[in-house]
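First up is the structure itself, then whatever we jot down about it.
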Amino acid sequence: MPDTDLDTVAGWLRDASYVTALTGAGISTESGIPDFRGPQGLWTKNPAAEKTATLEYYMSDTEVRRHAWQNRVNSGMWTAAPNAAHDALVTLERKGRLHALVTQNVDGLHHAAGQTAAITVEIHGNVREVKCMTCDWRGPMDDTLARVRDGEDDPECRVCGGILKSATISFGENLVAEDLHRSQVMAARADVFLAIGTSLVVYPAAGLPEIALRNGGRLVVMNAEDTPYDPVAHAVVREPLGTILPALVDRVGSVGNIRPSR
Ligand SMILES: [Zn+2]
6 MPDTDLDTVA
16 GWLRDASYVT
26 ALTGAGISTE
36 SGIPDFRGPQ
46 GLWTKNPAAE
56 KTATLEYYMS
66 DTEVRRHAWQ
76 NRVNSGMWTA
86 APNAAHDALV
96 TLERKGRLHA
106 LVTQNVDGLH
116 HAAGQTAAIT
126 VEIHGNVREV
136 KCMTCDWRGP
146 MDDTLARVRD
156 GEDDPECRVC
166 GGILKSATIS
176 FGENLVAEDL
186 HRSQVMAARA
196 DVFLAIGTSL
206 VVYPAAGLPE
216 IALRNGGRLV
226 VMNAEDTPYD
236 PVAHAVVREP
246 LGTILPALVD
256 RVGSVGNIRP
266 SR
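Following our numbering, the numbering of the sequence shown begins with 6 at its first residue and continues without gaps.
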């Protein structure tokens, strides 16, 4: 993207009174977390692995659950660190130019980067917690992973004996209604809507830019590959996110509610 265009987008961010970002797998690939659905994705290469993320199979098949717990124990997600793109969004928030962040990612890297929980909606849940599929019990992932390492290959809920699963939204599982509603309100309020590292094909998250557009917001698509929204976006950015997002946020300048530095 030419610098002049980057300046234009930065100007929109400066002038906006409410900015919403939606992030997808593309923002975490530079942290070493594979895109599950992309051309090099885990599920694209190994469709059997997708079963572990499909509720019907997970609930009905002990083998699928054992496989899923082994995947969780061995996942690279626990050591992944936020990258420059995550950090740039934290900076944007500190400049008072990011008011809402909806993420399709379950890796918790926005949280790890220091994004304020109050402005963040993890619309597909997160892997830091475990939930019981029968009662309301929730607990830290670490505790349940310790049980798996100690030999329980399909740990059950200690309260009710129910099936445990990471607190993510599996295929075939409904989103949390309150999270979806909050996301839609955040999209509707946006003067500028940044769609970052998402292919914008997985609904209902993919419907959020449409809500923003319908309410008069400007749409900026930042993704390595084409998205269905490119033709109606006000700007389309293709450059690697770890480079272009910090450059963009830098151009926004020091405005708004800047927190005192330490
Ligand atoms: Zn339970």
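C-beta: ideal position from N, C-alpha, C; glycine also. Predicted model only: the values in this text are computed from it and were never measured.
Cutoff 7 Å; reference Gly156; Cβ partners in own chain excluding five residues on either side
Your numbering for residue 156 matches position 151 in the sequence shown. Cβ within range, chain order: n/a, list empty.
Can the beta-carbon of Arg194 be found closer than 8 Å to that of Tyr63?
Residue mapping note: residue 194 aligns to position 189 of the sequence shown, counting from 1. Residue mapping note: residue 63 aligns to position 58 of the sequence shown, counting from 1. No.
Examine ligand 1 and report whether any of its heavy atoms sits within less than 7 Å of the Cβ of Val135.
The residue given as residue 135 occupies position 130 in the sequence shown. No, Cβ of Val135 sits at least 7 Å from all heavy atoms of ligand 1.
Gly16: buried (16+ other C-beta within 10 angstroms of its C-beta) or exposed?
In the sequence shown, the residue the question calls residue 16 occupies position 11. Counting Cβ neighbours within 10 Å, Gly16 comes out exposed, since fewer than 16 surround it.
Please name the residue, chosen from Asn88, Asn76, Asp92, Gly130, that lies closest to Val107 on a Cα-to-Cα basis.
Mapped onto the sequence shown, residue 107 falls at position 102. For Val107, the nearest C-alpha among the options comes from Gly130.
Are there any heavy atoms of ligand 1 lying less than 7 Å away from the beta-carbon of Thr139, as far as the coordinates show?
The residue given as residue 139 occupies position 134 in the sequence shown. Indeed, a heavy atom of ligand 1 lies less than 7 Å from the Cβ.
Pull up the distance between the alpha-carbon of Gly284 and that of Gly31, whole angstroms please.
No answer is possible for residue 284: the residues shown for the chain start at 6 and end at 267.
Please report the residue range of the beta strand (DSSP E) in which Asn131 lies.
Residue 131 sits at position 126 when you count from the first residue of the sequence shown. From DSSP, the beta strand (DSSP E) with Asn131 extends over 130-137.
Does the region 84-94 come close enough to the region 232-248 that 3 or more CB-CB pairs lie under 8 Å?
yes
Residues in the same chain with beta-carbon distance under 7 Å from Ser36, minus the five sequence neighbours each way, listed in chain order, please.
Counting from 1 along the sequence shown, the entry for residue 36 is found at position 31. Closer than 7 Å at the Cβ level, and outside the excluded window around Ser36, lie Ala85, Ala86, Pro87, Asn88, Leu114.
With distances taken between CB atoms, is the gap from Val206 to Val225 smaller than 8 Å?
Numbered from 1 along the sequence shown, position 201 holds the residue referred to as residue 206. Numbered from 1 along the sequence shown, position 220 holds the residue referred to as residue 225. Not closer than 8 Å, so no.
Check each candidate in Thr96, Asp20, Ala123 and name the one with the smallest Cα separation from Ala252.
Translated into positions along the sequence shown, residue 252 becomes position 247. Considering only alpha carbons, the answer is Thr96.
What residue does the beta strand (DSSP E) around Leu224 start on, and which one ends it?
Translated into positions along the sequence shown, residue 224 becomes position 219. Start and end: 223-227.
Say yes only if the C-beta of Gly167 is nearer than 7 Å to one or more non-hydrogen atoms of ligand 1, and no if none qualify.
For the purposes of this step, residue 167 is identified with residue 162 of the sequence shown, where counting begins at 1. True, at least one ligand heavy atom lies under 7 Å from that Cβ.
Could you compute how far the alpha carbon of Val164 sits from the alpha carbon of Glu61?
Residue mapping note: residue 164 aligns to position 159 of the sequence shown, counting from 1. Residue mapping note: residue 61 aligns to position 56 of the sequence shown, counting from 1. If I take the Cα positions, the gap works out to 23 Å.
Start-to-end residues for the beta strand (DSSP E) that takes in Ile38
Residue 38 sits at position 33 when you count from the first residue of the sequence shown. That residue, Ile38, is in no beta strand (DSSP E); it is neither H nor E in DSSP.
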